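Engineer: Just so you know, our numbering puts 863 at position 94 of the sequence shown, and the rest follows in order with no gaps. Just passing along the structure, written as structure tokens.
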Amino acid sequence: MMISFAVLLLCVLLTTGFGLVNANIVRIRRAELVLPDLPQGFDGTSILYASDIDLCGMNTPQKSGALFSQLQSLKPDMLILGGDYTSTSLIETLNRPDNANVDLSKAQRERESFFQFISTFEAPLGRFAIASPEDPNWNSLQTQMEQNGIRPIFNDRTAIRSGEDTLWLVGICEESSALNSAGTAFERDDCVLTFAYSPIVLPILLTSEASDGGAWSDLVLCGHTHGGQIRLFERSVLSLDRRESRYLCGWYTDSGVPILVTQGVGCEGLNLRLGSAPEVWLLTLHRK
């Protein structure tokens, strides 16, 4: 009996140790994408896409800042941040008195420190970011980004110019009925890259049409799922919407539109990953 318990305890300790180490090794994923509508001026453009930084516990602003210092060697043309910049650690949650509010001031200080650390990150075409519903105080978040040279795209669009060519970026930060008409701002021949906080918005996004009919988005990048973070026997400890479970992680194609759902950089609540891995993506765009 004692031997069985010792073996079980050893297995638990080894699994936990692996999960802790795994959560601290960020993988660099690469993809070459051919977009038929991509203007000539943006052929070969590279995008560094990082989502779900989730500062908490051992994932400090200093540590995440050091990560981006290393990622600078990739020399991307553009940096995109996909929301979810802080998280409440499991210890803080357990120690919080019943019905007590989360200390949002600490989260805001930590994300401000993170943005300061990456304020010198070089990306010739710009640094852009969206928010998620879980990011507290969007007004403060927007100010923190702008003060550190990051352009917020909160439920909005922005154009990047290269000579006479235009590439559109769209940021989707919440689920809204307004998405039904989002595509009417574009024609189907426009090249539009869409950054959504979660796959939750995909059904509405993919069924909305351009002003002249047809799909208006050429690429959709999403986060928020963490790939399940701790996933055992095809089940996740995270509470995921059914749409997030359907688009859990990796590449998909829906309505002819390529979709990437990243597993994110950080962790929710506990710096532990099993069955998933932290990652950033380096995407290179090409004309057809």
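Even for Gly, the Cβ is constructed at its ideal location relative to N, Cα and C. Every value quoted in this text rests on a predicted model; they were computed, and no experiment measured them.
With 16 as the cutoff for other CB atoms within 10 Å, does F1002 come out buried or exposed?
Structural biologist: So F1002 counts as exposed.
Engineer: Identify, in the order they occur along the chain, each residue of the same chain with its Cβ nearer than 7 Å to the Cβ of V961, setting aside the five sequence neighbours on each side.
Structural biologist: Excluding sequence neighbours, V961 sits near W937, V939, F955, W985, S986 and D987.
Engineer: Which residues in the same chain have their Cβ closer than 8 Å to the Cβ of A924, if we skip the five residues on either side of it in sequence?
Structural biologist: First, the amino acid is wrong: residue 924 is Asn here, not Ala. Counting only Cβ-Cβ distances below 8 Å, and skipping sequence neighbours, we find G940, I941, C942, E943, S945 and A947.
Engineer: Suppose you measure from the CA of I797 to the CA of G826; what does that come to, to the nearest Å?
Structural biologist: Going by the C-alpha atoms only, they are around 23 Å apart.
Engineer: Beta-carbon separation of T889 and M847 under 8 Å?
Structural biologist: No, the pair does not count as a contact, with Cβ atoms beyond the cut-off.
Engineer: Starting from the N-terminal side, write out each stretch of the beta strand (DSSP E) that is 3 residues or longer and does not extend beyond the region 863-921.
Structural biologist: If we require 3 residues or more, the beta strand (DSSP E) runs fully inside the region 863-921 come out as 895-898.
Engineer: In three-state terms, what does DSSP make of R957?
Structural biologist: In the structure shown, R957 sits in coil (DSSP, three-state: anything other than H, G, I, E or B).
Engineer: T953 and S980 look like a contact to me (Cβ under 8 Å); what is the Cβ gap, rounded to whole Å?
Structural biologist: About 5 Å separates the two Cβ atoms, so the contact holds.
Engineer: With R926 as the anchor, note down where its beta strand (DSSP E) starts and where it stops.
Structural biologist: R926 -> beta strand (DSSP E) spans D925 to S931.
Engineer: With a Cβ-Cβ cutoff of 8 Å, do G983 and Y966 count as a contact?
Structural biologist: No, they are not a contact pair.
Engineer: So, are the CB atoms of E1013 and I969 less than 8 Å apart?
Structural biologist: Yes; because the gap between Cβ atoms is below 8 Å, this pair is in contact.
Engineer: May I have the straight-line CA-CA distance separating A900 from T855, to the nearest angstrom?
Structural biologist: Approximately 11 Å, taken between the alpha carbons.
Engineer: Taking the Cβ atom as the reference point for each residue, do P830 and L836 lie within a distance shorter than 8 Å?
Structural biologist: Not in contact: P830 and L836 (Cβ atoms no closer than 8 Å).
Engineer: Between the alpha carbons of Y1021 and S882, how many angstroms are there, rounded?
Structural biologist: Using only the alpha carbons, I get a separation of about 34 Å.
Engineer: Kindly identify the DSSP beta-bridge partner or partners of D934.
Structural biologist: BP columns for D934 point to S931.
Engineer: Taking the alpha carbon of T912 as the reference point, which residue from Q885, I973, S842 and L817 has its own alpha carbon closest?
Structural biologist: That would be Q885, whose Cα lies nearest to the Cα of T912.
Engineer: Could you tell me the alpha carbon to alpha carbon distance between E801 and D1023, rounded to whole angstroms?
Structural biologist: Distance between the alpha carbons of E801 and D1023 is about 18 Å.
Engineer: Identify every run of the beta strand (DSSP E) within the region 941-990, keeping only runs that are complete inside it and at least 3 residues long; order them along the chain.
Structural biologist: Segments of the beta strand (DSSP E) lying fully in the region 941-990: 961-965.
Engineer: Quick check: what's the CA-CA separation for S820 versus E933?
Structural biologist: Rounded to whole angstroms, S820 to E933 spans 31 Å at the Cα level.
Engineer: For V1030, tell me which candidate among L1039, G1044, G1019 and T1053 has the shortest Cα-Cα distance.
Structural biologist: Of the candidates L1039, G1044, G1019 and T1053, the one whose C-alpha sits nearest the C-alpha of V1030 is G1019.
Engineer: Measuring alpha carbon to alpha carbon, tell me which residue in R926, R920, E891 and T976 is nearest Q841.
Structural biologist: The candidate whose alpha carbon is nearest that of Q841 is E891.
Engineer: Let me check understanding here. Comparing Cα to Cα, which of I822, V803, R799 and N828 lies closest to V790?
Structural biologist: Comparing Cα-Cα distances from V790 to each of I822, V803, R799 and N828, the minimum goes to N828.
Engineer: Go through its chain and collect everything with a Cβ distance to A876's Cβ below 7 Å, but skip five positions before and after it.
Structural biologist: T855 and P905.
Engineer: Measure from the alpha carbon of S977 to the alpha carbon of each residue in L990, I999 and V1026, then state which is nearest.
Structural biologist: Considering only alpha carbons, the answer is V1026.
Engineer: In terms of residue numbering, what span does the beta strand (DSSP E) encompassing S815 cover?
Structural biologist: Segment S815 to A819, the beta strand (DSSP E) holding S815.
Engineer: With DSSP as the reference, please indicate the residues paired to M827 in a beta bridge.
Structural biologist: Paired residue(s): none; M827 is not in a bridge.
Engineer: Does DSSP put H993 in a helix, a strand or coil?
Structural biologist: In the structure shown, H993 sits in coil (DSSP, three-state: anything other than H, G, I, E or B).
Engineer: Helix, strand or coil: which one does DSSP assign to S1005?
Structural biologist: In this structure, S1005 counts as strand in the three-state DSSP scheme.
Engineer: Compare the Cα-Cα distances from K1073 to each of H1055, R1042, G1044 and G1035 and report the closest residue.
Structural biologist: No answer is possible for residue 1073: it lies beyond the span of the chain, which begins at 770 and ends at 1057.
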